[in-house]
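Take a look at the structure below.
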Amino acid sequence: MLSNSLVELDRAHLVHPVASWRGHEAAGVRVIASGDGATVTDTSGHRLIDGFAGLWCVNAGYGQESIVEAATRQLRTLPYATGYFGLGSEPAIRLAARLAEAAPGDLDHVFFTLGGSDAVDSTVRFVRHYWHSRGKPERDQFITLEMGYHGSSTVGAGLTALPAFHTGFGVPHDWQHRIPSHHAYRNPAGQDPAAITAASVAALRAKVKALGGPERVAAFYVEPIQGSGGVLVPPPGWMAAMRAVCAEMEILFIADEVITGFGRTGPLFACAEEGVVPDMMTTAKGLTSGYAPMGAVFLSEHVYATIADGAGQGVVGHGLTYSGHPVSAAIGLAVLDLYEGGLLENGRRAGARLMAGLQALADHPLVGDVRGRGMLAALELVTDKAAKTPLPAAAQPATRIFDRAWAQGLVLRAFPWGVIGFAPPLCCTEAEIDGILARTRAVLDETL
Ligand code: PLP
Numbered sequence: 001m002l003s004n005s006l007v008e009l010d011r012a013h014l015v016h017p018v019a020s021w022r023g024h025e026a027a028g029v030r031v032i033a034s035g036d037g038a039t040v041t042d043t044s045g046h047r048l049i050d051g052f053a054g055l056w057c058v059n060a061g062y063g064q065e066s067i068v069e070a071a072t073r074q075l076r077t078l079p080y081a082t083g084y085f086g087l088g089s090e091p092a093i094r095l096a097a098r099l100a101e102a103a104p105g106d107l108d109h110v111f112f113t114l115g116g117s118d119a120v121d122s123t124v125r126f127v128r129h130y131w132h133s134r135g136k137p138e139r140d141q142f143i144t145l146e147m148g149y150h151g152s153s154t155v156g157a158g159l160t161a162l163p164a165f166h167t168g169f170g171v172p173h174d175w176q177h178r179i180p181s182h183h184a185y186r187n188p189a190g191q192d193p194a195a196i197t198a199a200s201v202a203a204l205r206a207k208v209k210a211l212g213g214p215e216r217v218a219a220f221y222v223e224p225i226q227g228s229g230g231v232l233v234p235p236p237g238w239m240a241a242m243r244a245v246c247a248e249m250e251i252l253f254i255a256d257e258v259i260t261g262f263g264r265t266g267p268l269f270a271c272a273e274e275g276v277v278p279d280m281m282t283t284a285k286g287l288t289s290g291y292a293p294m295g296a297v298f299l300s301e302h303v304y305a306t307i308a309d310g311a312g313q314g315v316v317g318h319g320l321t322y323s324g325h326p327v328s329a330a331i332g333l334a335v336l337d338l339y340e341g342g343l344l345e346n347g348r349r350a351g352a353r354l355m356a357g358l359q360a361l362a363d364h365p366l367v368g369d370v371r372g373r374g375m376l377a378a379l380e381l382v383t384d385k386a387a388k389t390p391l392p393a394a395a396q397p398a399t400r401i402f403d404r405a406w407a408q409g410l411v412l413r414a415f416p417w418g419v420i421g422f423a424p425p426l427c428c429t430e431a432e433i434d435g436i437l438a439r440t441r442a443v444l445d446e447t448l
């Protein structure tokens, strides 16, 4: 006999993503009932500032009428059209064209997915096809960074470097390799930006050599800022230096902008700010601002042409039923209008205020590191600043900090290793940014 309580129904039937299943059964779910602008309200009427934009995705904030109207119009006109059999829909075509126009360099070709994990998976398929098309199938080794996150599919979880995504799942695969992160706060190379970049360049060269040289290496993946690893920001010039090494060795350089894309760090795409044009780029989240599932893989002209010519009149056998879904695409177009119509600008202003306010929290005894860019930021908490001693895991700081913030009326992300993440909607007002900062200070005081 099922109970009608949402908590009971959830406990009995809903499997939650990236959760301790038994822990969740014990804790029970908190149900979000509605959202408005940068705030959400739970079923008990408790209103919170969403300092994490859902899962760093609701960049436009909740309740944006123009998005709702675009989705409704499209649902009424044509809820589905396939891209197979030479067919297409107007929103998918227009969105691809607008994205190509907005993307850096010659990333002119767009393949739509349902989210970030299948976008990453698609790049792996495209990379392999590219090297087959070039007559070099032995270029089949992939390199990523420690602390990186590239989704949770069977392939992507092996490119991801966070242990929870590996344990018990039989990944990473033997063709998936990693080099150390640029993580400045805890970097054995020290905190000097030039030394960090030099260490990463040397590590990449050494890994390529160990794998048998460039002729064995297919691709190198980076997030412009490592998100799920704890918002780890590389030094300026780092990405360009890594891109140059890849170009020299003809290793495909893939930028995973699933979090950083669509204004999260300021510009529409973070790699543009660094003057880097990747061979492929993955996006999702802010593409539709979370209003519907969608991801997009951007392919540069030479990658697209190589695969197209390699297949000739044959089929490039990669596709998804919902690739270019017209409702998601119509939402994507409406979201782009918002970004271009002032949302990016507001996000930049709010991001500067957020970063300045977080820097001011560096005086707090628990704050060891403040990092981020734009509306993507983190605090790393320590019990001893000089020794950089992490908050003890035994104290389960993540759960406690999340709960304390919730009680204060703030949603933030509490990473299990004592890092607090912030990724508020770009529509935040000054008062909402100040609210995030004040509530965070209160949470820190309680945690002392
Ligand atoms: N790549 C990066 C950099 C991400 O941060 C994420 C998700 O957070 C993904 C890929 C996977 O995206 P999704 O959860 O939409 O499958």
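Going left to right, the sequence shown walks through residues 1 to 448 as full-length UniProt numbering numbers them. No residue lacks a Cβ here, since even glycine has one placed at the ideal position from N, Cα and C. Quick caveat, the model's predicted, so the values are computed rather than measured.
Cα-Cα separation between residue i and residue j, rounded to whole angstroms
i	j	result
PRO235	ARG373	11 Å
TYR62	SER153	28 Å
GLU65	ALA334	10 Å
VAL303	THR288	25 Å
SER20	GLY28	11 Å
LEU354	VAL419	16 Å
ALA26	HIS364	33 Å
LEU211	LEU162	22 Å
PRO91	LEU75	12 Å
SER328	LYS209	43 Å
THR82	PRO137	31 Å
CYS428	ASP50	10 Å
GLU215	ALA206	14 Å
TYR339	GLY213	43 Å
GLY37	ALA184	34 Å
LEU448	ALA407	17 Å
ARG439	ARG404	9 Å
ALA174	ILE143	The amino acid occupying residue 174 in the given sequence is Asp; Ala does not appear at that position. When rounded, the distance between both Cα atoms is 11 Å.
Proximity to residue i [Cα-Cα], best of the options
i	options	result
ASP108	LEU114, ALA100, ALA210	ALA100
GLY88	LEU358, SER323, ALA203	SER323
HIS150	VAL124, HIS24, TYR185	VAL124
ALA203	THR283, MET242, PRO172	MET242
residue 464	GLY368, ASN346, LEU320	Past the boundaries of the shown model lies residue 464; the chain is included only from 1 to 448, so the question cannot be answered.
ILE96	PHE112, GLY83, TRP417	According to the sequence provided, residue 96 is Ala. The question's Ile does not apply to it. When each option's Cα is compared against that of ALA96, the closest is PHE112.
GLY54	LEU78, LEU412, GLY190	LEU412
GLY135	ALA164, GLU345, ALA362, ALA311	ALA311
TRP238	GLU250, PRO224, MET249	PRO224
GLU273	PHE85, ALA103, GLU8, GLU69	ALA103
Boundaries (first-last residue) of the beta strand (DSSP E) holding residue i
i	result
LEU252	252–256
THR144	141–145
Sub-8 Å separation of residue i and residue j beta-carbons
i	j	result
ALA378	GLY230	yes
VAL258	LYS285	yes
GLN176	GLY158	yes
CYS246	PHE220	yes
MET375	LEU426	yes
ALA350	ILE254	no
LYS388	ARG73	no
ASP271	MET280	According to the sequence as given, residue 271 is Cys; it is not Asp. Going by C-beta atoms, CYS271 is not nearer than 8 Å to MET280.
LEU343	GLY263	yes
VAL31	THR43	yes
THR283	TYR130	no
GLY409	LYS385	no
PHE415	ILE436	no
ALA189	ILE196	yes
ALA71	ALA330	yes
Sheet register partners of residue i (DSSP bridge)
i	result
ALA414	ILE420
ASP36	THR39
ARG373	LEU376
ALA296	PHE112, THR283
VAL222	ALA255
MET381	The question names Met, but residue 381 is Leu in the sequence shown. Answer is VAL367, bridged to LEU381.
ARG47	THR41
LEU232	GLN226
PRO390	VAL382
VAL217	GLN141
Residue range of the unbroken alpha helix (DSSP H) whose run includes residue i
i	result
LEU55	53–56
ASP309	301–311
ALA199	193–210
ILE436	430–447
GLN64	Unbroken run through GLN64: none, as it is neither H nor E.
ARG98	90–102
ARG22	21–27
HIS177	From DSSP, HIS177 is part of no alpha helix (DSSP H) but of the beta strand (DSSP E) over 176–179.
LEU9	6–13
ASP337	326–338
ASN187	No alpha helix (DSSP H) holds ASN187; DSSP gives it neither H nor E.
ARG264	Where ARG264 is concerned, there is no enclosing alpha helix (DSSP H), given that its DSSP letter is neither H nor E.
ASN346	344–360
CYS246	238–249
CB contact check: residue i to chain D, cutoff 8 Å
i	result
ASP10	Here chain D cannot be found, since the structure has a single protein chain.
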